[in-house]
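What follows is a short report on a single structure.
Below you can see the structure in the form of structure tokens.
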């Protein structure tokens, strides 16, 4: 009953916002943006409603990667292994690394969030036509969904889009605007993409005092599929979720920590407990 009351409250709030919108003098362009955004969010909620009980990993990376490339093969192998752990694999639904991840997971365990662009991109053949494919007009709705619905994010080498997703996720984690989430950057051992990225961040941001040393701890650098899968699995071994209630942060766990573990936690985080 309480849940229905809460739902009614938000429906009334949305209706009130729409009524107020009708009374305002706003441009046709703004109306189109609001209309399309609401439709996209409604469709997204419909697709994800039956999947909320399943953990998901979002995989990012270059759309230009080819099947013979090492990062393509690695993305496919990672998706295959993480799907064996019960996770679904979510991507931007395009070619390259995104298609590799869907190939590894298989269509039943794949989710696609495609962006509509003037000259590209159609969804890859693994997810094309599937009920779990959502097409977006706006990047901001797509990015919101990718972070909101993910229980872990894994990034392979890529271009502007991959870097955009990485920096936005780092910003959300740093500012506490998203829940704690495993964030892994992966590449084969012989690659230097993420090594170069880390060097740039260390020299251009950390060295200048623009970020703190702790900010680098949000990212796990990995060159091994098994290690990445184990890291995600271990993260959720006892941790379930968090929520804020008034002025308190509540951490939900599967089992109560032992007195020894509680003592260790109290000492390690004494500055905030």
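Residue numbers (our numbering): 249 to 521.
Here a beta-carbon is modelled for each residue, glycine too, at the ideal position from N, C-alpha and C.
Computed from a predicted structure; not experimentally measured.
Residue pairing for residue 346: DSSP places it in no beta bridge.
Rounded to whole angstroms, the Cβ separation of residue 382 and residue 304 is 13 Å, and the two are not in contact under 8 Å. Within a 10 Å sphere around the beta-carbon of residue 390 sit 16 or more other beta-carbons, which makes this residue buried. The residue from 423, 479, 403 with its alpha-carbon nearest to that of residue 414 is 403. In its chain, beyond the 5 residues on either side, 488, 489 have a beta carbon closer than 6 Å to the beta carbon of residue 500. When secondary structure is reduced to three states using DSSP, residue 488 falls in the strand class. Look at the beta carbons and you see the region 311 to 331 touching the region 471 to 482: at least three pairs across the two are nearer than 8 Å.
Boundaries of the alpha helix (DSSP H) around residue 330: 318 to 332.
As the crow flies, the alpha-carbon of residue 311 is around 14 Å from that of residue 373. For the set 333, 424, 366, 343, the Cα lying nearest the Cα of residue 308 is the one of 343. Excluding the 5 residues flanking it on each side, residue 450 has same chain C-beta neighbours closer than 8 Å at 464, in chain order.
By alpha-carbon distance to residue 355, the top candidate from 366, 339, 424, 508 is 339.
Between the region 418 to 434 and the region 393 to 403, the count of Cβ pairs shorter than 8 Å is three or higher; the stretches touch. It is roughly 15 Å from the alpha-carbon of residue 514 to the alpha-carbon of residue 497.
Counting C-beta pairs closer than 8 Å gives three or more between the region 457 to 471 and the region 434 to 444, which meets the contact rule. Per the DSSP secondary-structure output, residue 493 pairs in a beta bridge with 496.
With fewer than 16 other Cβ atoms inside 10 Å of its own Cβ, residue 302 counts as exposed. Residue range 408 to 423 is occupied by the alpha helix (DSSP H) that includes residue 409. Around the beta carbon of residue 320, a 10 Å sphere encloses 16 or more other beta carbons of the protein chains shown; the residue is thus reported as buried. Distances from the CA of residue 417 to each of 394, 407, 405, 438 were compared; the closest alpha carbon is that of 394. Contact annotation: residue 386 and residue 284 have beta-carbon atoms nearer than 8 Å. The residue from 424, 405, 459, 461 with its alpha-carbon nearest to that of residue 443 is 405. For residue 421, the CB contacts under 8 Å within the same chain, skipping 5 residues up- and downstream, are 428, 429, 431, 466 in chain order.
Distances from the alpha-carbon of residue 424 to those of 491, 289, 516, 353 put 491 closest.
For residue 308, the enclosing beta strand (DSSP E) begins and ends at 304 to 308.
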